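Participant: Chain order of the listed sequences is A and D. For the first sequence, this note's numbering gives the first residue as 11, with consecutive numbering after it. For the second sequence, this note's numbering gives the first residue as 5, with consecutive numbering after it. After the structure tokens below, expect a handful of questions from me.
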Amino acid sequence: MSWMLPDSYSTFGPDVDFLYYAILVVTGIVFVITEALLVYFVIRYRRRDGQKATYIHGSTKAEIIWTTVPFIAVLGLAFISIPSWNMMKNPDSVPADALDYIVNAKQFEWEITYAGADGVTGTADDISTINIMHVPVNQAVNITLRSEDVLHSFFLPEMRVKQDAVPGMDITVWFEATAAGAYPIGCAELCGNLHTTMGGTLNVYEATEFDAWVASQSADADDADDADDQEDQ
Amino acid sequence: MDAHGHAHEMPWIRRYVFSTDHKIIAIQFLLMSLFFLVVGGLLAAMIRWQLGFPSEPMPGGMLLPDEMMAPTPAGAIMLPEFYNSLVTMHGTIMIFFAIMPLLVGVFGNLLIPLQIGADDMAFPRLNMASFWMAFPAGLLMLASFAVEGGAAGAGWTSYAPLSASGEYTGVYLGQQLWLISLTILGFASLAGAVNYITTIINMRAPGMTWFRMPLATWALFITAILILLAIPILAGALIMLLFDQTIGTGFFLPASDGEPLLWQHLFWFFGHPEVYILILPAMGITSDVLANGARKPVFGYHAMVLAIVSIAFLSWIVWGHHMFQSGMNPMLGTTFMITTMVIAVPSAIKVFNWLGTIYKGNIHLHTPMLHALGFVSMFIIGGLSGVFMASTPVDVYIHDTYFIVAHIHYVLFGGSLFAIFAGITFWYPKMFGRLMNEKWGRIHFWLTLILYNLVFWPMHSIGIQGHMRRIYDPTQYEFLQPLQPINQFITVCVFALVAVQAIYALNFIISIWKGKKAGNNPWHANSLEWTVPSPPPHGNFELVPIVYRGPYEYSAPDVEEDYWLQDAPPPRETAAPALEPQPVAD
Chain A
11 MSWMLPDSYS
21 TFGPDVDFLY
31 YAILVVTGIV
41 FVITEALLVY
51 FVIRYRRRDG
61 QKATYIHGST
71 KAEIIWTTVP
81 FIAVLGLAFI
91 SIPSWNMMKN
101 PDSVPADALD
111 YIVNAKQFEW
121 EITYAGADGV
131 TGTADDISTI
141 NIMHVPVNQA
151 VNITLRSEDV
161 LHSFFLPEMR
171 VKQDAVPGMD
181 ITVWFEATAA
191 GAYPIGCAEL
201 CGNLHTTMGG
211 TLNVYEATEF
221 DAWVASQSAD
231 ADDADDADDQ
241 EDQ
Chain D
5 MDAHGHAHEM
15 PWIRRYVFST
25 DHKIIAIQFL
35 LMSLFFLVVG
45 GLLAAMIRWQ
55 LGFPSEPMPG
65 GMLLPDEMMA
75 PTPAGAIMLP
85 EFYNSLVTMH
95 GTIMIFFAIM
105 PLLVGVFGNL
115 LIPLQIGADD
125 MAFPRLNMAS
135 FWMAFPAGLL
145 MLASFAVEGG
155 AAGAGWTSYA
165 PLSASGEYTG
175 VYLGQQLWLI
185 SLTILGFASL
195 AGAVNYITTI
205 INMRAPGMTW
215 FRMPLATWAL
225 FITAILILLA
235 IPILAGALIM
245 LLFDQTIGTG
255 FFLPASDGEP
265 LLWQHLFWFF
275 GHPEVYILIL
285 PAMGITSDVL
295 ANGARKPVFG
305 YHAMVLAIVS
315 IAFLSWIVWG
325 HHMFQSGMNP
335 MLGTTFMITT
345 MVIAVPSAIK
355 VFNWLGTIYK
365 GNIHLHTPML
375 HALGFVSMFI
385 IGGLSGVFMA
395 STPVDVYIHD
405 TYFIVAHIHY
415 VLFGGSLFAI
425 FAGITFWYPK
435 MFGRLMNEKW
445 GRIHFWLTLI
455 LYNLVFWPMH
465 SIGIQGHMRR
475 IYDPTQYEFL
485 QPLQPINQFI
495 TVCVFALVAV
505 QAIYALNFII
515 SIWKGKKAGN
525 NPWHANSLEW
535 TVPSPPPHGN
545 FELVPIVYRG
555 PYEYSAPDVE
565 EDYWLQDAPP
575 PRETAAPALE
585 PQPVAD
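Laid out in structure tokens, this is it:
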């Protein structure tokens with residue numbers, strides 16, 4: 011049992027993890043102090059027969075202190091959260107050289123579309139895979155997230171990415187992986203009876219390997235005249 | 005006032021079934037919501053069985069029909085659609101049919117007239133109607149388990165489009181009954197709220213100024229205002245969703261140019277005030293019980309009232325924090341993050357004032373006091389874990405994981421339910437004339453506190469590891485498989501936690517007949533309900549009480565005892581007002 015986050019492998023990782031640990035420290039201190047006082051008071055001021063409690067109604071000074079200090083603390087936490095939030099979720103923050111992807115969610119699978127050789131999605135040379143997403147390392151990817159039916163939520167725990175997919179909306183999601191490897195994809199929004207099966211894998215490749223994979227897919231597409239995603243299953 | 009009046013000549017059915025007496029209605033709400041609390045607990049146990057031992061035959065599962073459990077030679081295995089119904093109905097029943105009626109229906113009805121010195125509610129018949137709408141609504145909700153397609157399965161939040169069309173889940177009638185049941189319950193809540201507000205504004209006894217009201221009544225007053233304003237939003241949304249389901253509108257369906265996010269905005273615009281509807285009365289109860297146990301005035305009474313009012317106000321502008329990852333404009337996320345962080349402040353003020361209340365007290369650890377202290381210590385955890393979700397970047401990671409499941413249970417179980425245990429035990433003598441057993445009360449408290457923490461504390465941890473909520477089988481995800489021993493541990497502790505509640509149930513039932521006779525004021529408390537017999541007669545007060553002071557004059561130096569009833573005349577009738585105890589009275 012642990013309060014430590016699992017390792018992160020994206021450029022969002024340091025920001026999210028720093029904020030998490032900052033809040034853990036602040037709330038941890040408050041937790042220890044308040045709970046310790048509670049237990050101490052209960053023991054120290056336990057019932058003594060024939061004795062009366064001290065007749066106190068309050069203290070304006072104390073009220074002012076314990077209103078302003080938490081106020082400053084929580085506003086501080088809010089303000090240090092703003093830049094990271096903007097970087098993660100504001101569509102204007104997506105790097106200009108990001109690779110375009112489309113992730114289309116439906117009951118109960120993720121359909122991932124790659125731009126192919128021309129670098130633009132929505133053209134004839136697009137490549138698509140089901141439940142397996144391939145991305146190059148150290149390269150931003152710009153995903154247009156869609157849903158065909160109900161809400162889903164595109165969750166990449168190690169990338170510190172989560173975004174609901176909403177039917178009727180195109181939502182921008184971006185991230186940049188910082189280490190090659192295979193990472194889980196999850197669905198984090200209840201989407202129906204087989205919600206639990208809507209998992210997948212994110213494969214992060216070295217740049218050269220990724221280019222080779224795209225080339226092989228494009229070649230397949232030329233041969234078979236349709237995007238062949240069977241080999242990815 | 006004729007306190008005994010005609011009540012005794014009334015037929016049995018008018019006295020105990022279709023009663024207009026606020027005390028009887030409180031007991032009716034109590035029995036109803038305790039029943040639903042048990043149902044909700046059993047649903048939770050089934051959910052946990054599936055999570056701890058995914059797709060293994062469930063003990064007793066053969067008793068359930070094939071639509072819920074798939075029979076195999078080894079036993080019956082839970083179906084995913086039934087799991088979704090369980091998750092949905094556990095949340096729905098606990099929130100709407102257990103915690104909310106316990107806090108508002110039971111304590112609102114029991115305490116408000118007694119604590120302000122009134123003979124009954126302003127509209128006794130409306131009050132009766134409130135119960136007789138709420139109870140059938142609950143039965144309707146339960147009945148939805150038996151219809152074709154099963155009970156609603158889109159989560160207690162019923163996010164559209166999953167909830168808006170049966171084609172996505174196979175649940176048609178169940179979802180519609182869910183909507184109809186909650187709409188009826190909404191009307192019941194509105195009837196109650198109108199009554200509470202009118203009663204408190206108009207029927208306070210002479211001398212019962214606003215700032216001489218006990219904090220339980222203050223909290224219930226503010227809660228009633230929240231209900232009055234929030235429930236119509238919910239009812240509107242429910243009816244729109246029902247139309248989407250039944251007559252082909254498309255408010256929330258993109259195929260008909262509808263907007264799925266609209267449901268979330270409406271639901272949470274109601275839903276966040278609802279969260280405070282579920283905690284403010286618990287805070288009020290805790291304040292009353294803590295002062296009584298500590299034999300000391302509530303620390304910072306005015307600050308406590310102000311904190312309740314500011315929480316109620318802020319609760320209207322934080323709903324978007326449920327929607328940070330929903331696709332809502334990220335700029336709105338920033339706004340809601342700031343308001344959400346700010347709402348932590350009045351909660352912090354309350355915690356510090358509770359600590360101030362027990363500071364230098366003469367603390368009697370009776371069972372209600374133990375539960376009130378349990379409330380404070382658990383609410384601290386639930387409040388602090390909320391700060392994590394408030395920070396939008398951290399929320400990206402922990403949203404919709406077990407971290408939020410832990411958080412909500414620290415607030416609603418560790419918070420509200422402990423306060424409910426405190427309140428029931430504290431005011432039990434006022435309802436039934438006898439005290440609950442202290443020894444078994446303490447045993448129940450400690451077992452519940454320990455098991456409760458063994459269940460919910462580890463959920464923070466598995467949430468931090470990325471464990472999503474509402475998944476039927478966590479072992480489907482390779483990265484969650486190492487967490488399975490924790491899931492099993494939680495499940496075993498849940499079974500124990502549910503089992504030890506039998507102690508409370510038995511104590512509750514047996515004490516009705518065997519408990520120690522209470523007398524008027526067993527806890528040596530100050531507020532007006534303790535000046536009348538237990539249980540009070542029809543009409544409550546023989547004479548209209550005159551209130552001389554605030555409700556928390558414990559250990560005042562002017563009197564020998566360590567309590568001072570609100571209606572006890574001052575020692576020197578002719579004394580100048582300056583000699584009156586000052587702080588809470590104005």
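By construction, the Cβ of each residue, glycine as well, lies at the ideal position given by its N, Cα and C atoms. None of the values given here were measured: they were computed from a predicted structure.
Which residues does DSSP list as the beta-bridge partners of A/GLU121?
Facilitator: Paired residue(s): A/ASN114 and A/ILE140.
Participant: From the beta carbon of D/PHE225, is the nearest beta carbon of chain A less than 9 Å away?
Facilitator: Cβ-Cβ to chain A under 9 Å: no for D/PHE225.
Participant: Is A/PRO105 near A/GLU186, with beta carbons less than 9 Å apart?
Facilitator: Going by C-beta atoms, A/PRO105 is nearer than 9 Å to A/GLU186.
Participant: Please list the partners that D/GLN480 has in chain A, where partner means a Cβ-to-Cβ separation under 7 Å.
Facilitator: Ordered by position in chain A, the residues that pass the 7 Å Cβ test against D/GLN480 are THR206, THR207 and GLY209.
Participant: With a threshold of 9 Å between beta-carbons, can D/ASN457 be considered close to chain A, or not?
Facilitator: No, because no Cβ of chain A sits closer than 9 Å to the Cβ of D/ASN457.
Participant: For A/MET246, return the contacting residues in chain D, with the cut-off set at a CB-CB distance below 7 Å.
Facilitator: As shown, chain A starts at 11 and ends at 243. That puts residue 246 of chain A outside it, with no answer to give.
Participant: On the CB-based measure, 16 or more other CB atoms within 10 Å of its CB, does A/ALA225 come out buried or exposed?
Facilitator: Exposed, by the Cβ-count rule.
Participant: Return the first residue and the last residue of the beta strand (DSSP E) that A/VAL151 is part of.
Facilitator: First-last of the beta strand (DSSP E) with A/VAL151: 150-157.
Participant: Please say whether A/PHE165 and A/ASP191 have beta carbons closer to each other than 9 Å?
Facilitator: Reading the sequence as shown, one finds Gly at residue 191 of chain A and not Asp. No, they are not a contact pair.
Participant: In the DSSP assignment, find the unbroken beta strand (DSSP E) run with A/SER163 in it and report its ends.
Facilitator: From DSSP, the beta strand (DSSP E) with A/SER163 extends over 162-166.
Participant: If I measure Cβ to Cβ from D/MET98 and keep anything under 7 Å in the same chain, skipping five residues before and after, which residues do I get?
Facilitator: Once the five neighbours on either side are set aside, the close Cβ partners of D/MET98 are GLY44.
Participant: By Cβ distance below 8 Å, which residues in the same chain neighbour A/ASP180 in space, the five residues on each side in sequence not counted?
Facilitator: Closer than 8 Å at Cβ, skipping near neighbours: THR154, LEU155 and ARG156.
Participant: Report yes if the CB atom of A/GLN149 is closer than 9 Å to the CB atom of A/PHE41, and no otherwise.
Facilitator: It is not a contact, given that the beta carbons lie outside the stated cut-off.
Participant: Please state whether DSSP places D/MET472 in a helix, a strand or coil.
Facilitator: It is a strand residue.
Participant: Given this structure, state the Cα-to-Cα distance separating A/LYS99 from A/SER138, to the nearest angstrom.
Facilitator: Looking at the two C-alpha atoms, the distance is approximately 25 Å.
Participant: Report the three-state DSSP secondary structure of A/GLU186 (helix, strand or coil).
Facilitator: Reduced to three states, the DSSP call for A/GLU186 is strand.
Participant: Can you find a C-beta in chain D that's less than 9 Å from the C-beta of A/GLU121?
Facilitator: A/GLU121 does not count as touching chain D.
Participant: Please report the distance separating the alpha-carbon of D/ASN199 from that of D/LEU230.
Facilitator: Roughly 13 Å between the two C-alpha positions.
Participant: Against A/ASN213, what residues of chain D qualify as contacts under a CB-to-CB distance less than 8 Å, listed in chain order?
Facilitator: Ordered by position in chain D, no residue passes the 8 Å Cβ test against A/ASN213, which lies about 14 Å from the chain.
Participant: Enumerate in chain order the residues of its own chain whose CB-to-CB distance from D/PHE303 is below 6 Å, with the five nearest sequence positions on each side excluded.
Facilitator: Result list for D/PHE303: ASN357, GLY360 and THR361, in chain order.
Participant: Smallest Cα separation from D/SER89: which of D/GLY56, D/PHE149 and D/VAL563?
Facilitator: With distances taken between Cα atoms, D/SER89 lies closest to D/PHE149.
Participant: Comparing C-alpha positions only, which one of A/ASP135, A/ALA125, A/GLY126 and A/LYS116 sits nearest to A/ASN141?
Facilitator: Considering only alpha carbons, the answer is A/LYS116.
Participant: Per DSSP, what kind of secondary structure is D/VAL175 in: helix, strand or coil?
Facilitator: In this structure, D/VAL175 counts as coil in the three-state DSSP scheme.
Participant: From which residue to which residue does the beta strand (DSSP E) around A/THR211 run?
Facilitator: First-last of the beta strand (DSSP E) with A/THR211: 210-215.
Participant: So, with DSSP's three-state summary, where would you put D/GLN570?
Facilitator: Here D/GLN570 sits in coil by DSSP.
Participant: Could you tell me whether the segment 510-524 of chain D touches the segment 181-201 of chain D, using the rule of 3 or more Cβ pairs below 8 Å?
Facilitator: Touching, no, given that fewer than three Cβ pairs across the two stretches are closer than 8 Å.
Participant: Is any beta-carbon of chain A found at less than 9 Å from that of D/ARG474?
Facilitator: At least one chain A Cβ lies under 9 Å of D/ARG474.
Participant: If we count the other Cβ atoms within 10 Å of its Cβ and call it buried at 16 or more, is D/THR213 buried or exposed?
Facilitator: Counting Cβ neighbours within 10 Å, D/THR213 comes out exposed, since fewer than 16 surround it.
Participant: Between A/VAL171 and A/TYR193, how many whole angstroms is the CB-CB distance? I'm expecting something under 8 Å.
Facilitator: Contact flag wrong, Cβ pair sits at about 10 Å.
Participant: Just the chain A side, please: which residues come within less than 9 Å of D/THR338 by C-beta, in chain order?
Facilitator: Near D/THR338 (Cβ distances below 9 Å), the residues of chain A are ALA88, SER91, ILE92, TRP95 and ASN96.
Participant: Can you give me the C-alpha to C-alpha distance between A/THR37 and D/ALA410, rounded to a whole angstrom?
Facilitator: Going by the C-alpha atoms only, they are around 16 Å apart.
Participant: Based on Cα-Cα distance, which residue from D/LEU238, D/PRO573, D/TYR363 and D/SER389 lies nearest to D/GLN295?
Facilitator: The sequence given here places Ala at residue 295 of chain D; Gln does not occur at that position. Closest option to D/ALA295, Cα to Cα, is D/TYR363.
Participant: Does any residue of chain A have a CB that is nearer than 9 Å to the CB of D/ARG208?
Facilitator: No, its Cβ sits nowhere closer than 9 Å to a Cβ of chain A.
Participant: Go through the segment 332-386 of chain D residue by residue and report every complete run of the beta strand (DSSP E) that reaches 3 residues or more, in order.
Facilitator: You should have found no qualifying run.
Participant: Buried or exposed: where does D/ILE408 fall if 16 or more other Cβ atoms within 10 Å of its Cβ makes it buried?
Facilitator: Its Cβ being crowded by 16 or more others within 10 Å, D/ILE408 is buried.
Participant: Kindly give me the distance between the Cβ atoms of A/VAL35 and D/ALA348, rounded to whole angstroms, as I take these residues to be in contact under 8 Å.
Facilitator: Actually they do not touch by this definition, with Cβ atoms about 16 Å apart.
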